[in-house]
Amino acid sequence: MRLKIIFWVIIVLLTFFQASFWQLNIVLLIAASWGLLRDIRESMLVFFVCGLLLDTASGHDLGVWTFVFILVALITAAWRARFVPSVRSAGFATMLLFYIPIALINSILAKIFYNFLVSGNFVFVPDFKSYLGILIVSLVIFPLIAFVSSQSEAQTSSGLSLRGNL
Amino acid sequence: MQPPPRTSSSNSQFLILLLTLSVFIFILGKTPVGHIYFTASGWALTPVQKLVYKTGNRVGRDIDFWTTMRRLSQRDRALRLQYAQVVSENAKYQTLARENEALKSQLTTFGAGSNKQIETQVAAIAPDMKISSGSNSGIRSGDAVVLGNWLIGQVVIVEANSAVVKLTTSPDLKLSVATTGDAKGVSVGQFNASILLDKVLPSERLDEGDLVLTTGDNPGIPKGLVVGKIVATDKNNAEIFQTARVEPLASFGDLDNVFVVEGPR
Chain A
0 MRLKIIFWVI IVLLTFFQAS FWQLNIVLLI AASWGLLRDI RESMLVFFVC GLLLDTASGH
60 DLGVWTFVFI LVALITAAWR ARFVPSVRSA GFATMLLFYI PIALINSILA KIFYNFLVSG
120 NFVFVPDFKS YLGILIVSLV IFPLIAFVSS QSEAQTSSGL SLRGNL
Chain B
0 MQPPPRTSSS NSQFLILLLT LSVFIFILGK TPVGHIYFTA SGWALTPVQK LVYKTGNRVG
60 RDIDFWTTMR RLSQRDRALR LQYAQVVSEN AKYQTLAREN EALKSQLTTF GAGSNKQIET
120 QVAAIAPDMK ISSGSNSGIR SGDAVVLGNW LIGQVVIVEA NSAVVKLTTS PDLKLSVATT
180 GDAKGVSVGQ FNASILLDKV LPSERLDEGD LVLTTGDNPG IPKGLVVGKI VATDKNNAEI
240 FQTARVEPLA SFGDLDNVFV VEGPR
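Chains as they are written, first to last, in numbering that gives the first Met the number 0: chain A, 0 to 165; chain B, 0 to 264.
Laid out in structure tokens, this is it:
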């Protein structure tokens, strides 16, 4: 429980930081990690709350980020349903390999959806520098979230556990 | 470890619920309710956001500061290296300038028609001077070693690329000399520190400050070279000869370059 509280405090802080400074959608990357590692209901809720927090912190266009995050959550769920059950038993490294593509896809699609919902145009401008940033940040975030997830599962003894694989 | 459960119908319902909710919020955001929401949340969250922004800015500035410091430190290190290079270059040019000056002075002193001189470097000084040129450069035993008009010593041993010089302060080197006051005598080195002017007749005048010059009677030593300066005289009527203590013009330890005067071949 304590870990979850810390997790949410960090999410809230990161949301504010993201709304103030960062171009990189770090909250989305965290939500995607959670989405791959945790129970589907919980991960959906995380996506939804993260989107709502980001909307609140951004201070304009209420519901845009919430809607975008839910769309991305659907894509993550589809990815998860297609690949994760078969790779989960392979261990942490394989999970990380399956996380990085979905993190990139989510970031790119989130940008496209957001631009569409705000301006009404589908705009896609490849930004390889930010993709590299996503890759690097993913390599840091995913192990952290995996650790929090496994600790949280160990505490509650409910839901799925990746401890054996980690 | 259990595999994650596949999306069940309850999960799908939950998904649809969240999707509907997000669409509802999105639509709500387009109405005045959105404005009210932001006004209320802004009132509650702006101080927090301000704090986060300030903290983030401060952290950003700190990172910027340390990055700048690191860059400056690297630049400083590069400049120090450049400075060291410049100093070493400068030292090289100063050495060249000194050598050039010494050569010029030597040419002025001896003139174009004089004996050939070979410039060489001092390799060691104690107990005898060692120079870094030898028979390959044309140096022979008995040649005088000078700096300007000052006699440093005489070459006694010659190797192919080095030679040993007996200094004027060496007890092994005896020279026929005369003072600037015309007193004749013999100079003998004293413990490699000073020179004794000996065999001067009592009738001759010795004054402190007189220069002691070679007479040219020693083979290989040209006439008129300065051996040193009288710093103390000793005239004892009971003795057959009077003596004087002579100091070299400068310390041999300060010498970098000297010249070997080729004697008659």
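Cβ coordinates follow ideal geometry from the N, Cα and C atoms, glycine included.
Which residue comes first and which comes last in the beta strand (DSSP E) that contains B:Asp-233?
225-233
Counting only Cβ pairs nearer than 7 Å, list the residues of chain E close to A:Asp-60.
Annotation note: the requested chain E is absent from the structure, which comprises protein chains A and B.
Hey, does B:Ser-8 have any beta-carbon neighbour from chain A nearer than 8 Å?
no
Spatial neighbours of A:Leu-23 within its chain, please: C-beta separation below 7 Å, excluding the five flanking residues on both sides.
Ser-129, Gly-132, Ile-133, Val-136
Any chance the region 99-107 of chain B sits against the region 241-250 of chain B, with 3 or more Cβ pairs inside 8 Å?
no
Going by the CB atoms, is the gap between A:Trp-21 and A:Ile-144 shorter than 8 Å?
no
Suppose the cutoff is 6 Å on Cβ atoms and the five residues either side in sequence are ignored; what does the same chain contact list for B:Ala-111 look like?
Because the pLDDT at B:Ala-111 is just 47, under 50, the model does not fix this residue reliably, and the value given afterwards should be weighed accordingly. Once the five neighbours on either side are set aside, B:Ala-111 has no close Cβ partner at all.
Taking its Cβ as the centre, do 16 or more other Cβ atoms sit within 10 Å of A:Gly-62, making it buried, or is it exposed?
buried
Residues of chain A with CB closer than 7 Å to the CB of B:Leu-280, please, in chain order.
In the structure displayed, chain B extends from 0 to 264; residue 280 of chain B sits before or after that span and is not available.
Smallest Cα separation from B:Ala-96: which of B:Gly-262, B:Asp-255, B:Val-32, B:Gln-73?
B:Asp-255
Looking at chain B, is there any beta carbon in it that lies within less than 8 Å of the beta carbon of A:Gly-50?
yes
Leaving out the 5 sequence neighbours to the left and right, which residues in its chain are closer than 6 Å to A:Phe-82 when beta-carbon positions are compared?
Phe-97
B:Phe-258 - containing beta strand (DSSP E), residue span:
256-260
Tell me which residues share the same chain as B:Thr-179 and place their Cβ nearer than 6 Å to its Cβ, disregarding the 5 neighbours each side in the sequence.
Asp-209, Leu-210
Sorted by chain position, which residues of the same chain lie with C-beta nearer than 7 Å to A:Leu-214's C-beta, five sequence neighbours on each side aside?
The question about residue 214 of chain A has no answer, for chain A in this structure spans 0 to 165.
Looking only at its own chain, which residues have a Cβ that is under 6 Å from the Cβ of B:Gly-262, when we skip the five neighbours before and after it?
Gly-141, Asp-142, Gly-219
Beta carbon of A:Leu-27, beta carbon of A:Ser-106: below 8 Å?
yes
Segments of 4+ residues assigned as alpha helix (DSSP H) that fall wholly inside the region 105-175 of chain B:
none
Sort A:Ala-30, A:Phe-16, A:Ile-9, A:Pro-142 by Cα distance to A:Leu-44 and report the nearest one.
A:Ala-30
With distance defined between alpha-carbon atoms, name the residue in A:Thr-14, A:Phe-112, A:Leu-73 nearest to A:Ser-42.
A:Leu-73
Own chain residues within Cβ distance below 7 Å of B:Gly-137, not counting five before or after
Ile-117, Glu-261
Three or more C-beta pairs under 8 Å: does that hold for the region 20-40 of chain B against the region 0-7 of chain A?
no
Nearest to A:Ala-109 by alpha carbon, out of A:Ile-69, A:Pro-100, A:Phe-127, A:Ile-99?
A:Ile-69
Local Cβ density within 10 Å of B:Trp-42, reported as buried at 16 or more and exposed below that:
exposed
Which listed residue (B:Thr-30, B:Ser-9, B:Leu-50) has its alpha carbon closest to that of A:Asp-38
B:Ser-9
Quick one: which residues of the region 33-46 of chain B get their C-beta closer than 8 Å to a C-beta of chain A? List them in chain order.
Gly-33, Tyr-36, Phe-37, Ser-40, Gly-41, Leu-44
Since B:Leu-196 sits in a beta bridge, which residues does DSSP pair it with?
B:Ser-186, B:Ala-243
For B:Ile-130 versus B:Val-164, is the C-beta spacing smaller than 8 Å?
yes
Could you check how far apart the C-beta atoms of B:Leu-279 and B:Thr-213 are, in whole angstroms? I think they sit under 8 Å.
Any property of residue 279 of chain B remains undetermined from this structure, which presents chain B solely from 0 to 264.
Let me check understanding here. Comparing Cα to Cα, which of B:Leu-78, B:Pro-170, B:Arg-204, B:Ala-125 lies closest to B:Gly-188?
B:Pro-170
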